[in-house]
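Heads up, the thing below is written out as structure tokens.
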Amino acid sequence: MLIRPATAAELPALQDIERAAGEPFRALGMAAIADDEPPTVEELDRYRRAGRAWVAVCDGESGGGDGDGSPAAYLIADPLPDADALHIEQVTVHPRAARRGIGRALIEHLADRAREEGATALTLTTFADVPWNAPYYARIGFRPLADAELTPGLRRIRAHEAELGLDRWPRLCMRRDLTPRTAP
971 MLIRPATAAE LPALQDIERA AGEPFRALGM AAIADDEPPT VEELDRYRRA GRAWVAVCDG
1031 ESGGGDGDGS PAAYLIADPL PDADALHIEQ VTVHPRAARR GIGRALIEHL ADRAREEGAT
1091 ALTLTTFADV PWNAPYYARI GFRPLADAEL TPGLRRIRAH EAELGLDRWP RLCMRRDLTP
1151 RTAP
């Protein structure tokens, strides 16, 4: 697996990944999530131009990819200075590549990037009761934040999500504190 910056030509493929990854939400009674449109190419391009969009490309041998160099997953992130963090706006793995550690590898890549930039944490917002959301993130070191722990930036993100109707299902903010890498 290779993690690298997304290219402009790949942005429509990221939308396809998002659409495919939305389908499993139907089985949970969350058809509105499955039907939600992915970020526009213009939105994705803003992340790409800012150096905040990465893809995971898998060869046929490692599983998940088509072996043609196309992305199997992507992650976009924003700096969240008031939390001293990089905020995961979206991390999405195509269902054909699920359960192979690809999402986790993208998050670890971002964690390394965050450390390089001097951030001390990663944050995200997610569905509390979706098995591949909050429970998954808890397994990889994220913890739920109490309301009193939310920074103004996280409150703005949550308010925007509420405007989009995402609060029809329980949501929460999570944080993973980063420990500095030690030299070998």
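Note that the working numbering numbers the sequence shown so that position 105 is 1075, with each residue one more than the last. By construction, the Cβ of each residue, glycine as well, lies at the ideal position given by its N, Cα and C atoms.
Would the beta-carbon of residue 1118 fall within 7 Å of that of residue 1092? Counting from 1 along the sequence shown, the entry for residue 1118 is found at position 148. Counting from 1 along the sequence shown, the entry for residue 1092 is found at position 122. The answer is no: Cβ separation not under 7 Å.
What residue does the beta strand (DSSP E) around residue 1052 start on, and which one ends it? Taking the sequence shown and counting its residues from 1, the one referred to as residue 1052 is at position 82. Counting along the chain, residue 1052 falls outside any beta strand (DSSP E), and DSSP gives it neither H nor E.
Please report the straight-line C-alpha distance between residue 990 and residue 1122, rounded to a whole angstrom. Here residue 990 corresponds to residue number 20 of the sequence shown, with the count starting at 1. Here residue 1122 corresponds to residue number 152 of the sequence shown, with the count starting at 1. Going by the C-alpha atoms only, they are around 33 Å apart.
Where residue 1143 and residue 1070 are concerned, what is the direct C-alpha to C-alpha distance, given to the nearest angstrom? Start at 1 with the first residue of the sequence shown, and residue 1143 comes out as number 173. Start at 1 with the first residue of the sequence shown, and residue 1070 comes out as number 100. Straight-line Cα distance between these residues: approximately 25 Å.
Output the boundary residues of the alpha helix (DSSP H) element that contains residue 981. The residue given as residue 981 occupies position 11 in the sequence shown. Here the alpha helix (DSSP H) through residue 981 covers 981 to 992.
Please report the straight-line C-alpha distance between residue 978 and residue 971, rounded to a whole angstrom. Reading the sequence shown from its first residue, position 8 is the one you call residue 978. Reading the sequence shown from its first residue, position 1 is the one you call residue 971. Going by the C-alpha atoms only, they are around 20 Å apart.
With a cut-off of 8 Å, do at least 3 Cβ pairs link the segment 1069 to 1083 to the segment 1130 to 1140? no
Let me know the secondary structure DSSP gives residue 1046 once reduced to three states. Numbered from its first residue, the sequence shown carries residue 1046 at position 76. In the structure shown, residue 1046 sits in a strand (DSSP, three-state: E or B).
Span of the alpha helix (DSSP H) holding residue 973? The residue given as residue 973 occupies position 3 in the sequence shown. Here residue 973 belongs to no alpha helix (DSSP H); instead the beta strand (DSSP E) covers 972 to 975.
Contiguous beta strand (DSSP E) assignments of at least 3 residues, all confined to the segment 1002 to 1031: 1023 to 1027
Best match in 1008, 1067, 1148, 1124 for proximity to residue 1086 [C-alpha to C-alpha]: For this step, residue 1086 is matched to residue 116 along the sequence shown. Of 1008, 1067, 1148, 1124, the residue nearest in Cα terms is 1148.
Rounded to a whole number of angstroms, what is the C-alpha to C-alpha distance between residue 1020 and residue 1060? On the sequence shown, residue 1020 is found 50 positions in, with the first residue counted as 1. On the sequence shown, residue 1060 is found 90 positions in, with the first residue counted as 1. Taking the straight line from one Cα to the other gives about 15 Å.
Among 1009, 1001, 1080, the one whose alpha carbon lies nearest that of residue 975: Numbered from its first residue, the sequence shown carries residue 975 at position 5. When each option's Cα is compared against that of residue 975, the closest is 1080.
From residue 1001 to residue 1138, what distance separates their C-alpha atoms? Residue numbering aside, residue 1001 sits at position 31 when the sequence shown is read from its first letter. Residue numbering aside, residue 1138 sits at position 168 when the sequence shown is read from its first letter. Distance between the alpha carbons of residue 1001 and residue 1138: 12 Å.
Could you spell out the range, first to last residue, of the alpha helix (DSSP H) harbouring residue 1074? In the sequence shown, the residue the question calls residue 1074 occupies position 104. Run containing residue 1074: 1072 to 1086, per the alpha helix (DSSP H) assignment.
In its own chain, which residues sit with a C-beta less than 7 Å from the C-beta of residue 1062, not counting the 5 before and 5 after it? In the sequence shown, the residue the question calls residue 1062 occupies position 92. The residues are 987, 988, 991, 1043, 1044.
What does DSSP give as the partner residue(s) for residue 1146 in the beta ladder? What you label residue 1146 is simply residue 176 of the sequence shown in a count that begins at 1. 1092, per the DSSP bridge assignment.
Buried or exposed: where does residue 1145 fall if 16 or more other Cβ atoms within 10 Å of its Cβ makes it buried? As a working note, residue 1145 is residue 175 in the sequence shown. With 16 or more Cβ atoms within 10 Å of its Cβ, residue 1145 is classed as buried.
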